[in-house]
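Peer 1: The numbering used here puts the first residue of the sequence shown at 5, with every later residue one more than the last.
The beta carbon of each residue, even a glycine, is placed where N, CA and C say it ideally should be.
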Amino acid sequence: MNKINISYNSKLIVDKKIFQSYVEDLESLFSDQVTFTDSKENDFNLYFNDKLIYSLEDSFDENLSIDEQVLEKSKKYIENSIDLSSSRDIPRVDDIGIVDY
5 MNKINISYNS
15 KLIVDKKIFQ
25 SYVEDLESLF
35 SDQVTFTDSK
45 ENDFNLYFND
55 KLIYSLEDSF
65 DENLSIDEQV
75 LEKSKKYIEN
85 SIDLSSSRDI
95 PRVDDIGIVD
105 Y
């Protein structure tokens, strides 16, 4: 099971209704897999299986805010991460030809 953690600063949310809809949407799609944490240290960080996959702080925009564009982008990052994690059934190292001496 995948683990999705979203850490955000509530003071940066542009539209509370859109953000609440985003939270409800993710909770319905990934019920036990997603957690939200209101944080004063981070602007908006998205972790997938404990790896940072998206951060608002990496943006080149001087006025950082959590708007609809950021939320949609984060959904796409989650979808892509799930697709990548489920397609990694083949091991990276093929050890069939390795002979132990």
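Have a look at E61, N6 and S78 and flag the residue whose alpha-carbon is nearest the alpha-carbon of D47.
Peer 2: Of the listed residues, the one whose Cα sits closest to D47 is E61.
Peer 1: Could you give the DSSP three-state label for K55: helix, strand or coil?
Peer 2: In the structure shown, K55 sits in a strand (DSSP, three-state: E or B).
Peer 1: Would you say the region 68–76 touches the region 16–36, given that touching needs at least three Cβ pairs under 8 Å?
Peer 2: Short answer: they touch.
Peer 1: Out of curiosity, what's the CA-to-CA distance linking N49 and Q24?
Peer 2: Cα-Cα distance, rounded: 17 Å.
Peer 1: Out of S85, N9, S14 and K79, state which residue places its alpha-carbon closest to the alpha-carbon of S43.
Peer 2: The shortest C-alpha separation from S43 is found at S14.
Peer 1: In its own chain, which residues sit with a C-beta less than 6 Å from the C-beta of Y51, not counting the 5 before and 5 after it?
Peer 2: The answer, listed in chain order, is N9.
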